[in-house]
Amino acid sequence: MTATSLPPKSSLTDVRVRVRAKRLVLYTVLVSVTGLFLGPFGWLILSGLKTQGELAASPVHWLPEVFQWHNFADAFTQIDFLGYARNSLIIALLYATLVTLSSAWVGFGFARLDAPGKKVLFGVLLGSMMLPQMVTLLPTYLIFAKLGMVDTYWPWVLWGLSAAPYLVFLFRQFFAGMPRELEEAAIVDGCGYTSIFWRIFLPQSWPVLSASFIIAFTWTWGDYIAPQLLLSTDRTTLAVAVMTTYVNDGGTPVPELQAAASVMYVVPILLIFLVAQRGFVAGMSTSGLK
Amino acid sequence: MTADQISTALDRPGTTATSGPARLADRPRTSMTARRHRAFYMFTSPWIIGFLLLTVTPMAYALWLSFTTFDGISPNWRYVGLGNYRELMNDPVTWDALGRTGLFAVTSVPLSIIAGLGLAVLVNRPIKARGLFRTLLYLPAVVPPVGAGLAFKFLFDQNSGATNGVLTIFGIDAIGWLADPYARYVLLMTVLWAAGNIMIISLAGLQDVPRELHEAARIDGASSWRTFRSITIPLLSPVLLFQTVTGMIASVQTIMPLLLAPLGDTGGVTTVPQSNYLYMMHVFAQYFALGRYGYASALLWVLFVLILIATGLIFKFTSGAVFYNVDPEAKK
Numbered sequence: 001m002t003a004t005s006l007p008p009k010s011s012l013t014d015v016r017v018r019v020r021a022k023r024l025v026l027y028t029v030l031v032s033v034t035g036l037f038l039g040p041f042g043w044l045i046l047s048g049l050k051t052q053g054e055l056a057a058s059p060v061h062w063l064p065e066v067f068q069w070h071n072f073a074d075a076f077t078q079i080d081f082l083g084y085a086r087n088s089l090i091i092a093l094l095y096a097t098l099v100t101l102s103s104a105w106v107g108f109g110f111a112r113l114d115a116p117g118k119k120v121l122f123g124v125l126l127g128s129m130m131l132p133q134m135v136t137l138l139p140t141y142l143i144f145a146k147l148g149m150v151d152t153y154w155p156w157v158l159w160g161l162s163a164a165p166y167l168v169f170l171f172r173q174f175f176a177g178m179p180r181e182l183e184e185a186a187i188v189d190g191c192g193y194t195s196i197f198w199r200i201f202l203p204q205s206w207p208v209l210s211a212s213f214i215i216a217f218t219w220t221w222g223d224y225i226a227p228q229l230l231l232s233t234d235r236t237t238l239a240v241a242v243m244t245t246y247v248n249d250g251g252t253p254v255p256e257l258q259a260a261a262s263v264m265y266v267v268p269i270l271l272i273f274l275v276a277q278r279g280f281v282a283g284m285s286t287s288g289l290k
Numbered sequence: 001m002t003a004d005q006i007s008t009a010l011d012r013p014g015t016t017a018t019s020g021p022a023r024l025a026d027r028p029r030t031s032m033t034a035r036r037h038r039a040f041y042m043f044t045s046p047w048i049i050g051f052l053l054l055t056v057t058p059m060a061y062a063l064w065l066s067f068t069t070f071d072g073i074s075p076n077w078r079y080v081g082l083g084n085y086r087e088l089m090n091d092p093v094t095w096d097a098l099g100r101t102g103l104f105a106v107t108s109v110p111l112s113i114i115a116g117l118g119l120a121v122l123v124n125r126p127i128k129a130r131g132l133f134r135t136l137l138y139l140p141a142v143v144p145p146v147g148a149g150l151a152f153k154f155l156f157d158q159n160s161g162a163t164n165g166v167l168t169i170f171g172i173d174a175i176g177w178l179a180d181p182y183a184r185y186v187l188l189m190t191v192l193w194a195a196g197n198i199m200i201i202s203l204a205g206l207q208d209v210p211r212e213l214h215e216a217a218r219i220d221g222a223s224s225w226r227t228f229r230s231i232t233i234p235l236l237s238p239v240l241l242f243q244t245v246t247g248m249i250a251s252v253q254t255i256m257p258l259l260l261a262p263l264g265d266t267g268g269v270t271t272v273p274q275s276n277y278l279y280m281m282h283v284f285a286q287y288f289a290l291g292r293y294g295y296a297s298a299l300l301w302v303l304f305v306l307i308l309i310a311t312g313l314i315f316k317f318t319s320g321a322v323f324y325n326v327d328p329e330a331k332k
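Chains as they are written, first to last, in full-length UniProt numbering: chain V, 1 to 290; chain X, 1 to 332.
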C-alpha cells in the first residue's frame, strides 16, 4: 500500500490519503469475499473440465492440461440426462403452476374475506410454516405408497393443489394492500367473489405471481429427498440422477462427468434467478415480506 | 370451525379449476355477511383440506405407528405402547445424534446470521458495482442442495480438492475433510455459503432504517459500531428473530450430510461419517436401511416436540428484545 506511506503534505491530503486507504481496504475485502463465495462453484466448473486422471491425482492439478469440453457432451450420453431433465421440468412446472394458483386463491380468502374462525386458521397457517417438512414427508411417503401413488407424479399434483403456507402468506400480504374500492365496485356490479378474484385481483398481481412461481419452481427443481423417496430410477428427477447415477458399469464413480452434469443442472436455476431478479425483488418487497 | 362450515367448504370444491363468471341468476339471496363467510371457506378450503390430508393425517399416522413394531413387510407387527420411546431413550446413538444436531444448530444459525449481516453491511456501503457484488454474493444461496453438496465434495476432496492444494502450498499436510472429524466443518461451510439469503433480507431492513436516526446518532458523537449496535440491530431484530427460527428448523432437517457423503446404498445414509450423523440421518437409517417404521416414527415425533419446545423458548426469550417498528404510514 503506497498510499499510506506517502508523507503528509497538508492536513487536506492527509485526509484524502486516509480516505483512499480505507477505500482500498474496503474493495480488497469485498473482492476477496466475493471470490471466496464464487470459489466452490468455479472449482466445480474446473473439475468438470479435467480428466479422470487429473481428478484423482495428488497433489492437486489447479488447471486441466487440456480443457476437456467433451465432458459436458459425454455427461448427456453417460446417463439419459435429457430424460431426467424432462422429468424435473414436468414436476417443477406442474407443482409451480398449481401451487401458485392455489396459494393466490387461498391468500385472497385470508386477505379480503371474513368468517368466524379466520383468526385461528391464520394462526395455524403461520404455525405450519414452522413445521419441519421432513417430519411429515416420511409418513406421507408411507401413505402414498399405500395409495399406489409411488412412482407417479400425483404427490406433486396434490401438494400443488393444497397451497403452500409461505406463498399463501406472500399473496395475502399483497392482496391486503389493494384498495377496498376495487371489490366494492365489483360487488355493486353484481360480481361474485370468484370473478372478483380472477378478473380484478389476479391480473394485478403479476409481481407476486412470478415470484411465487419462481420460488416454487426452483424449490422443486432443487428438491432431492422427495423424488428420491417417491420415484423409481427411470422416472426420477435430475437432482437425484446427478447425485447417484454417474457410475461406470463396475460401480466406480465418474467424477468429471458428474461435475459437468451438476454444472448443467445448476445453471438453469442461476439463469432464471438472474433474468427474474428485478421483478422478483419487486415482488418480494411489495408483498411486505422482508 | 363447525362441521357446517366444513361441509359448506367441501360443497364447493375450491380448487383453482373453478373459474369463469359467477352466474347472477343462480345466486341464492343471502345476506352479504353470510356470503362473505361462505366465500371465505370456499377460498381457504384447498389449504384446509390439504393441511388435514397431507399434514395432519401423516402426523397422526406416524403417531400411531410409533406405538407399533410396523416395518412394512412383516404381517406380525404389534402394538408396543411406549416401547419404541423407551428404546430410543436408552439408545446412546439417539442421544449422540441429538447432541450433534443441537450443536450444529447453535453454531450454524448464529454464524450464518453474523455472516449475512456482515455481507449486508459491506454491500450497503457506497461502492462501485454494488448491484453486481450483491448478485454475486447472493448466487450461492440459489444453488440447489445437490449442486452445493457436489461443489463442496470436489472443493474438499482429499487429493484433488483446492482446499488441500492451498494447504500444501503453506506446507500443511492434506486433510481428509469429508471424513471424521473434519466433515462437520465442511457441513458448516455449506450453510455459511448460503448466507447471501440473510444478506438480502437484512439489506432490505438496513435500507429501511431512517436516515435521521443515523444522523442524530452521529451528531451525538456515537461511533459507527455503537450506531450499529444500538440502532441498526434493534430495528433489524424482527428479521433476525425470523432467521433464527427458520434457520434452526432448517438445520435440524438438513439432508446435506447425505449429499456430502460418499455414494453408497440406501441414499448414502450408511456412508455418512460419524461427525455428520445428525438426528435426521439416524431417522433415515432406521427408516430405509433398517425399515423400522415404528421406531423411526417415534424418533420423528420426539424431534417434532423438541422443535416446538425450542421455537417456543426462542419466542419467549426474545419477546422483550425484539423491537417492532410500527410505522403509521407503512399501511398504504
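Each residue gets a CB set at the ideal place from its N, CA and C atoms; glycine is no exception.
- Boundaries of the alpha helix (DSSP H) around arginine 218 of chain X: 211-219.
- If only uninterrupted alpha helix (DSSP H) runs of at least 4 residues are considered, those enclosed by the stretch 185-211 of chain X are 196-208.
- Tryptophan 69 of chain V has its alpha-carbon roughly 32 Å from the corresponding atom of alanine 226 of chain V.
- In this structure, the CA atom of threonine 152 of chain V is about 11 Å from the CA atom of leucine 158 of chain V.
- Contacts with chain V at 9 Å (Cβ-Cβ) do not include tryptophan 177 of chain X.
- Apart from the 5 residues on each side of it in sequence, arginine 78 of chain X sits with its Cβ closer than 7 Å to the Cβ of Thr68 and Thr69 in its chain, given in chain order.
- Distances from the CA of serine 102 of chain V to each of V:Thr236, V:Val247 and V:Ser212 were compared; the closest alpha carbon is that of V:Ser212.
- The C-beta distance from proline 46 of chain X to valine 106 of chain V rounds to 6 Å, short enough to fall under 8 Å.
- Taking each of V:Ile215, V:Pro116 and V:Thr252 in turn and checking the Cα distance to tyrosine 41 of chain X, the smallest one comes out for V:Pro116.
- Around the CB of tyrosine 185 of chain X, fewer than 16 other CB atoms lie within 10 Å, so the residue is classed as exposed.
- Within the stretch 91-137 of chain V, complete alpha helix (DSSP H) segments of at least 4 residues are found at 118-129, given in chain order.
- Residue burial is scored here from C-beta neighbours: isoleucine 214 of chain V has at least 16 other C-beta atoms within 10 angstroms and is therefore classed as buried.
- Residue burial is scored here from C-beta neighbours: valine 15 of chain V has fewer than 16 other C-beta atoms within 10 angstroms and is therefore classed as exposed.
- With a minimum length of 4 residues, the unbroken runs of alpha helix (DSSP H) contained wholly in the stretch 236-270 of chain V fall at 238-244.
- Per DSSP, the continuous alpha helix (DSSP H) segment holding aspartate 14 of chain V begins and ends at 11-47.
- Closer than 7 Å at the C-beta level to chain V, one finds these residues of the stretch 175-206 of chain X: Trp193, Ile201, Ala204 and Gly205.
- Between alanine 57 of chain V and asparagine 159 of chain X, the gap from beta carbon to beta carbon is short of 9 Å.
- A Cβ of chain X is located within less than 9 Å of the beta carbon of tyrosine 193 of chain V.
- Per the C-alpha coordinates, the member of X:Ser202, X:Ile255 and X:Gly161 positioned closest to proline 59 of chain V is X:Gly161.
- No Cβ-Cβ contact shorter than 9 Å links leucine 299 of chain X with leucine 82 of chain X.
- The three-state reading of DSSP puts threonine 68 of chain X in strand, counting E and B together.
- In this model, leucine 150 of chain X and phenylalanine 37 of chain V are separated by some 15 Å (Cα to Cα).
- Residues of the stretch 26-42 of chain V that bring their beta carbon within less than 8 Å of a beta carbon in chain X comprise Leu26, Tyr27, Val29, Leu30, Val33, Thr34, Phe37, Leu38, Gly39, Pro40 and Phe41, in sequence order.
- For threonine 311 of chain X, the enclosing alpha helix (DSSP H) begins and ends at 293-318.
- The beta carbon of arginine 100 of chain X sits no closer than 9 Å to any beta carbon of chain V.
- Glutamine 274 of chain X counts as exposed, since fewer than 16 other beta carbons sit within 10 angstroms of its beta carbon.
- Of the candidates V:Val168, V:Pro139, V:Ala261 and V:Thr244, the residue whose Cα lies closest to the Cα of tyrosine 295 of chain X is V:Pro139.
- Inter-residue distance for tyrosine 138 of chain X and alanine 261 of chain X is about 26 Å (C-alpha atoms, whole angstroms).
- Alanine 164 of chain V has its alpha-carbon roughly 9 Å from the corresponding atom of alanine 216 of chain V.
- Contact annotation: the stretch 100-108 of chain X touches the stretch 269-283 of chain X, with at least three C-beta pairs closer than 8 Å.
- Chain V has no Cβ within less than 9 Å of the Cβ of tryptophan 77 of chain X.
- Collapsing the DSSP output to three states places tyrosine 182 of chain X in coil.
- Residue range 225-230 is occupied by the alpha helix (DSSP H) that includes glutamine 228 of chain V.
- Trp47, Ile48, Ile49, Gly50, Phe51, Leu53, Leu54, Thr55, Thr57, Pro58, Met59, Tyr61, Ala62, Leu65 and Gly72: these are the residues of the stretch 47-73 of chain X whose beta carbon lies less than 8 Å from some beta carbon of chain V, given in chain order.
- Interface flag for methionine 149 of chain V against chain X is unset, since no Cβ pair is found closer than 9 Å.
- In the displayed model, tyrosine 79 of chain X falls within a strand according to three-state DSSP.
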